[in-house]
Amino acid sequence: MFGSGVLKGLSVTLKEFVATYIDDLKRIPSRYAGGRQLLDQTETPPEGLFTVQYPEERRKLAERFRYIPMLIYEAETGEDRCTACGICAKVCPPQCIWIVRDRDEKGKPITRPAEFYIDTTICMNCGLCAEFCPFDAIKMNHDYEIAAYDRMPDLIFDLNELRVPTTYYASIRPTEWAEEEAARKEKEAEKAARPAARPAEKPAAKPTPIALTAAPAEPAAPVKRSPEEIERLKAEAAARRAAKAGGEQK
Amino acid sequence: MTAETIATAQATAAASHPYNEVVPGAVLEATKTGLVVSPDRIVELARYLRDEQGYDYCSMVTSIDWPQYFEVVYYLYGAATPKDALVLRVRLTDKANPVMPSLTSVWRGADFQEREVYDLMGVRFEGHPNLRRILLWEGFEGHPLRKDYKEPYFEEESKPFKSRHPDGAHQWAEDRVPWKDNVSYPVGWDPDLWRSPEVQYRRIMGVDEATGNGDGLRTERILVNMGPQHPSTHGVFRMVIAVEGENVVGLEPEMGYLHRCHEKIGERNTYIMNIAFTDRLDYVSSMSNNLGYVLAVEKLMGLQVPERAEYIRVIMAELTRIISHLIAVGFLFNDLGAYFTPALYGMRERELILDLFEAAAGSRMMCNYMRFGGVMADLPAGWVERARNLVWNRLPKVMEDFENLLSGNEIFQSRTHGVGVLTAAEAINYSMSGPMLRASGVPYDVRRAEPYSIYDRFEFDVCSRPEGDVWARFRVRMDEIYQSLRILKQALDGLPEGPIMPPGKKQYQVRVPAGEAYARIEGPKGELGFFVVSDGKPNPYRYHVRAPTFINLTSLEKMTLGHKIADAVVILGAVDIVLGEVDR
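Residue numbers (our numbering), protein chains in the order written: chain A, 301 to 550; chain B, 193 to 776.
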């Protein structure tokens with residue numbers, strides 16, 4: 301019959317149309333009930349209409365989803381993990397990471413960033429910075445709703461805008477967090493098991509962010525630091541260096 | 193052996209090269225990266241190679257800017273009778289005025305690529321029918337891929353830039369340059385005296401180049417511009433069509449609207465940085481692009497890829513083939529006027545596969561997943577189950593729906609049978625590749641001709657059709673989806689446990705030994721090749737992408753002549769171009 305091909309095609313579309321309503325009847329609550337629901341894409345997709353009603357519905361993102369990077373600080377102590385080593389800046393393909401390494405009172409470079417900028421207008425969300433950071437300090441964030449009216453200064457993220465606590469990191473990337481914590485505890489256990497009698501050992505070039513000799517009595521998870529706190533942290537860093545020069549193991 | 197004896201040995205070896213008996217004086221030197229050929233005898237040698245030796249497929253033409261000379265490199269293969277690669281190299285020592293004869297009279301597929309070499313490197317090809325700029329606009333000054341060309345935002349010869357760390361206070365690139373924009377003007381440029389260059393479409397308008405036809409211009413001919421902004425040109429692509437009534441009598445493709453200097457950026461990047469940029473070439477199939485580039489560099493580095501990583505790579509590549517073909521078929525129907533319905537049916541399945549990519553790589557489209565020696569990260573928990581559900585349960589049902597929706601449709605059949613025919617000999621001579629080549633009756637698939645990764649372990653058919661028209665290209669793409677599902681079933685069943693990268697610590701500074709490598713893969717659009725020249729430094733010396741859709745457009749005029757202008761859209765849709773790859 302002439303036209304049978306067109307009719308067969310139309311029947312497919314009709315099937316989809318009917319399936320949309322049948323699928324909606326089966327779901328409780330309905331996808332169109334309103335309110336911000338989080339759609340899990342790993343579930344069986346709906347028959348019929350496939351559209352996600354953004355912004356009332358949002359997709360649950362895969363753990364590895366990468367958007368703009370974020371800098372992690374320890375939630376308990378407020379200490380940045382970043383040591384301003386610059387590997388992320390070196391490995392970034394569009395070179396959108398700008399780091400100014402901090403200096404102590406005498407002008408000697410210390411291992412924390414004074415300024416840290418990510419130009420999100422250039423960032424290509426490749427994740428190489430997170431992949432090659434040796435201190436697990438920079439990771440890829442999930443937040444994609446960062447639209448702004450002006451490029452400058454809104455889309456240049458500085459250190460304050462990039463810092464997030466480890467609790468946030470653990471909530472959006474649980475598997476990665478769990479793996480890193482397990483590896484960290486293993487390393488610490490290994491270190492503790494090693495005999496403590498090695499005084500002539502050359503001190504490590506950079507202090508690792510794990511072991512803190514004097515845990516500062518700071519309130520949990522401060523977002524901004526007052527100048528006094530910064531001075532105190534610098535003094536403690538100097539004290540640690542003096543202690544290391546004396547030959548004690550950290 | 194002394195230097196003299198080595199030199200004489202090389203000279204005698206070259207002189208006694210078998211090709212020199214037929215075309216005396218052609219081969220000057222036989223190096224391990226190819227035969228150095230004299231520019232005066234190359235056309236004769238090329239004709240001999242094509243007709244007598246069976247090298248009928250000119251796969252890639254590119255150029256390298258060495259300090260002493262320009263080198264134009266031709267990679268030849270055999271399509272009708274499979275042959276290993278034969279590389280011809282022409283060294284042009286006059287850097288002020290590099291000229292060599294064009295090989296378009298021997299292989300029509302060299303047309304656009306020689307134009308690109310002229311455009312970006314400045315080598316003139318004598319005898320080329322249409323030697324003008326292809327990727328840059330006609331008024332551009334300079335040849336960007338030369339080593340002495342500095343772009344307006346130039347900072348340093350190679351990344352990483354010193355300005356970023358340890359004293360990296362952010363500065364906009366626009367603020368560094370005098371014009372506050374990515375533009376530079378040639379020295380001594382006077383805006384009052386400059387005349388905008390006119391691109392003459394005399395050829396397709398039927399005006400004789402030599403005599404000008406006087407005032408006997410054929411007035412039935414009209415120039416129709418299917419401009420870069422058009423709903424059916426698959427991106428920013430422009431076709432200038434000469435029509436008499438509705439019949440197409442000439443077609444001139446104009447590309448370069450999406451040219452993003454991928455190869456120049458590639459020379460500034462380090463090797464690892466380039467992987468992220470290859471995602472953006474054929475942006476609908478990013479995993480394939482990653483794979484091709486990574487294979488090329490692994491050839492230079494001599495890395496061994498672990499088994500599990502090889503299987504994961506094949507799974508990702510075949511899933512990518514499916515999503516690319518779903519888009520191709522969907523948008524072919526969009527061009528035919530079925531508006532967006534088939535495209536969205538295809539996009540729905542693509543969404544599910546992209547969710548798999550997001551779970552594994554972190555990004556749906558710009559996956560950045562392959563690394564030198566393996567893949568970035570292992571598959572997360574539950575991934576294989578979701579993939580199995582797709583491959584065994586959902587996709588076959590969807591393909592059945594697709595066939596019901598599309599293949600039997602009378603309108604589709606009448607608009608695609610016999611439209612845009614390309615014979616097998618023409619397809620080979622025009623360097624077509626991928627579904628374009630196989631739909632013309634040439635069963636050439638790089639996965640069979642030169643197997644890479646572990647494709648030699650899988651059972652699959654090479655889909656080929658004899659008709660050579662748009663319907664055959666659609667049919668080949670649909671059949672390839674079935675074959676991809678077949679490979680996926682084998683790969684998912686055979687996926688072993690194990691590491692996904694070679695042993696050793698993660699390196700962000702990769703050491704690539706000096707040398708040259710060309711790796712080609714059967715991408716969804718055709719033969720995607722990556723040509724990497726290394727001089728031992730952290731960044732490549734020369735990096736070229738053999739883009740299949742760029743070269744497939746060479747035959748666009750041939751296919752469209754004689755058809756109506758409405759068919760021009762359909763034929764372009766069947767070529768399945770992605771401008772990210774055409775323009776790079």
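Glycine is no exception: its CB is placed at the ideal position from the N, C-alpha and C atoms.
Nothing here was measured: the structure is a model prediction, and the numbers come from that model.
In chain order, what residues of the same chain have a beta carbon less than 8 Å from the beta carbon of residue i, not counting five sequence neighbours either side?
i	result
MET447 (chain B)	ILE326, LEU327, PHE429, ARG430, PHE742, LEU745, LEU771, VAL774 and ASP775
ASP637 (chain B)	ARG630, VAL654 and GLU714
LEU487 (chain B)	TYR644, SER645, ALA711, ILE713 and PHE722
VAL440 (chain B)	ILE433, ALA434, THR752, LEU753, GLY754, HIS755, LYS756, ILE757, ASP759 and ALA760
Does residue i come out as helix, strand or coil in the three-state DSSP assignment?
i	result
PRO627 (chain B)	helix
ALA365 (chain B)	helix
GLU436 (chain B)	strand
ASN417 (chain B)	strand
SER304 (chain A)	helix
PRO413 (chain A)	strand
ARG324 (chain B)	coil
ALA222 (chain B)	strand
SER251 (chain B)	strand
MET670 (chain B)	helix
ALA288 (chain B)	coil
ILE438 (chain A)	strand
VAL724 (chain B)	strand
GLY427 (chain B)	coil
ILE769 (chain B)	coil
LYS351 (chain B)	coil
Just the C-alpha distance for residue i and residue j, rounded to the nearest angstrom, thanks.
i	j	result
GLY686 (chain B)	ILE673 (chain B)	20 Å
LEU536 (chain B)	VAL391 (chain B)	38 Å
GLY301 (chain B)	ALA470 (chain A)	54 Å
PHE595 (chain B)	ASN581 (chain B)	Reading off the sequence shown, one finds Glu at residue 595 (chain B), where the question assumed Phe. Those two C-alpha atoms are separated by around 21 Å.
ASP473 (chain B)	ARG556 (chain B)	According to the sequence displayed, residue 473 (chain B) carries Leu and not Asp. For LEU473 (chain B) and ARG556 (chain B), the distance between alpha carbons rounds to 15 Å.
PRO498 (chain B)	ARG505 (chain B)	11 Å
PRO352 (chain B)	ALA218 (chain B)	43 Å
LEU310 (chain A)	TRP584 (chain B)	26 Å
GLU445 (chain A)	TYR367 (chain A)	10 Å
LEU571 (chain B)	LEU280 (chain B)	42 Å
ARG283 (chain B)	ASP311 (chain B)	18 Å
ARG703 (chain B)	GLY226 (chain B)	24 Å
LEU428 (chain A)	GLY427 (chain B)	29 Å
GLU412 (chain B)	PHE525 (chain B)	31 Å
LYS360 (chain A)	ALA616 (chain B)	49 Å
THR223 (chain B)	ASP727 (chain B)	17 Å
ASN425 (chain A)	TRP663 (chain B)	39 Å
GLY314 (chain B)	TRP299 (chain B)	21 Å
ILE234 (chain B)	THR608 (chain B)	40 Å
LEU533 (chain A)	ARG540 (chain A)	10 Å
ALA732 (chain B)	GLN675 (chain B)	Inspection of the sequence shows that residue 732 (chain B) is occupied by Pro rather than by Ala. Their backbone Cα atoms lie some 36 Å apart in a straight line.
GLU536 (chain A)	VAL476 (chain B)	53 Å
LEU462 (chain A)	ARG307 (chain B)	47 Å
What does a CB cutoff of less than 6 Å around residue i pick up in its chain, not counting 5 residues either side in sequence?
i	result
ASP419 (chain A)	CYS396 and ILE456
ARG734 (chain B)	ILE256 and VAL725
VAL767 (chain B)	ASN744
ARG542 (chain B)	ILE515 and LEU518
VAL435 (chain B)	ILE414, VAL416 and ILE757
TRP381 (chain B)	none
ARG241 (chain B)	Checking the sequence shown, residue 241 (chain B) turns out to be Leu, not Arg. Here the set comprises TYR247.
LEU278 (chain B)	TYR247 and LEU268
ARG381 (chain A)	ILE372, PHE435, ALA437 and PRO509
GLY610 (chain B)	ASP661
ALA375 (chain A)	PRO465, THR466, THR467 and ALA521
How close, in whole Å, do the beta carbons of residue i and residue j come, if the pair is a contact with beta carbons under 8 Å?
i	j	result
LEU680 (chain B)	GLU502 (chain B)	That pair is no contact at about 14 Å.
ARG500 (chain B)	ILE692 (chain B)	6 Å
TRP398 (chain A)	GLY360 (chain B)	4 Å
GLU550 (chain B)	PHE365 (chain A)	6 Å
ASP471 (chain B)	SER478 (chain B)	4 Å
Residues of chain D with CB under 9 Å from residue i, in chain order?
i	result
GLY600 (chain B)	Chain labels in this structure do not include chain D; the protein chains are A and B.
Residues in the same chain with beta-carbon distance under 7 Å from residue i, minus the five sequence neighbours each way, listed in chain order, please.
i	result
LEU237 (chain B)	TYR211, VAL215, ALA218 and VAL229
THR273 (chain B)	GLY246
Sequence ranges, beta strand (DSSP E) only - wholly within the region 693-744 of chain B, length at least 3: 707-715, 718-726 and 734-738
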